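Report on the structure given below.
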Amino acid sequence: MPRKPSPLSVVLAAEQLPPHLARSIIEEKLRAAILDGSLPTGTAVRQQELATMFGVSRMPVREALRQLEAQGLLAVEQHKGAVVAPLITWDATETYELRILLETEALRQSVPALTEEDFNEADRVIDQMVTEKNYSVMGELNKQFHLALYRKAHNRRLMTLVSVGLDEEERFLRFNLEAMGLGEVSQDDHRELVAAAREGNVDLAVELLTQHLRRGIQAITEYLEKKREK
Ligand code: NI
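What the sequence shown shows, in our numbering, is residues 130 to 359, in sequence order.
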């Protein structure tokens with residue numbers, strides 16, 4: 130009887146990768162497959178299998194998996210190794226708390242340096258979000274929107290951390306926006322945020338962003354409470 134193919138080999142096509150690009154390509158392929166749901170929670174992600182599929186040593190694979198683990202997309206379980214992490218758990222609210230600290234600082238640094246071009250881009254992304262029906266695209270657009278407003282922050286390390294938080298939200302939005310009915314609320318928040326930034330009102334922009342992210346915490350809390358009751 131033929132052995133059932135592993136989910137990894139079904140979702141990712143095997144190919145020969147150039148060794149110097151292997152880490153980033155493997156990371157990106159896995160990230161995309163986890164985010165769009167084709168590799169569901171709990172799927173085992175084995176180093177040796179990936180190394181064989183892409184014709185590389187285990188070292189770049191291990192590096193890629195480590196990055197994904199840092200982004201909260203993979204979890205290392207005893208005896209099982211790396212598996213696709215659960216979509217949302219209580220520590221997501223902690224991530225949001227940290228995001229408030231990190232993103233308000235990024236916004237504070239960035240707003241005074243933003244140009245009309247940046248605001249126009251933010252507006253464009255909002256318009257796209259209004260008509261977008263595909264929740265997985267929505268997650269990506271939300272990330273683009275926020276980054277458009279933070280992009281002039283001068284602290285690059287801060288921006289790296291900000292990206293990690295936004296990646297987590299992207300993933301969360303992809304799966305749960307529909308269930309939570311968050312779509313419409315968020316565009317009002319986003320518009321007010323751009324308006325305050327355009328006026329150069331840093332304090333107001335920071336206040337609005339804080340409220341926006343607090344609403345996220347509230348939505349996640351309600352969602353998890355409801356799931357617990359089931
Ligand atoms: Ni948002």
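All C-beta atoms, glycine included, are put in the ideal place defined by N, C-alpha and C. Model, not experiment: these values are computed from the prediction.
Within 10 angstroms of its Cβ, does R286 collect 16 or more other Cβ (buried), or is it exposed? Translated into positions along the sequence shown, residue 286 becomes position 157. Exposed: under 16 other Cβ atoms inside 10 Å.
Count Cβ pairs between the region 141-159 and the region 190-209 that sit closer than 8 Å; are there 3 or more? yes
I'd like the ranges of any beta strand (DSSP E) spanning at least 3 consecutive residues and lying wholly in the region 190-274. 203-206, 210-213
Sequence ranges, alpha helix (DSSP H) only - wholly within the region 155-182, length at least 4: 176-182
Using three-state DSSP, classify P147 as helix, strand or coil. Position 18 of the sequence shown, counted from the start, is the residue given in the question as residue 147. Three-state DSSP puts P147 in coil, outside helix and strand.
Leaving out five residues on either side along the sequence, give the residues of the same chain with a beta carbon under 7 Å from the beta carbon of H283. Looking up residue 283 in the sequence shown gives position 154. Taken in chain order, the residues that qualify are Q238.
By Cβ distance, which residues of its chain are closer than 6 Å to I163, with the 5 residues on each side in sequence left out? Here residue 163 corresponds to residue number 34 of the sequence shown, with the count starting at 1. Around I163: L202, V213.
Should the region 176-188 be called in touch with the region 217-234, which here means at least 3 C-beta pairs below 8 Å? no
Limits of the alpha helix (DSSP H) - the one that V140 falls within: On the sequence shown, residue 140 is found 11 positions in, with the first residue counted as 1. Run containing V140: 136-140, per the alpha helix (DSSP H) assignment.
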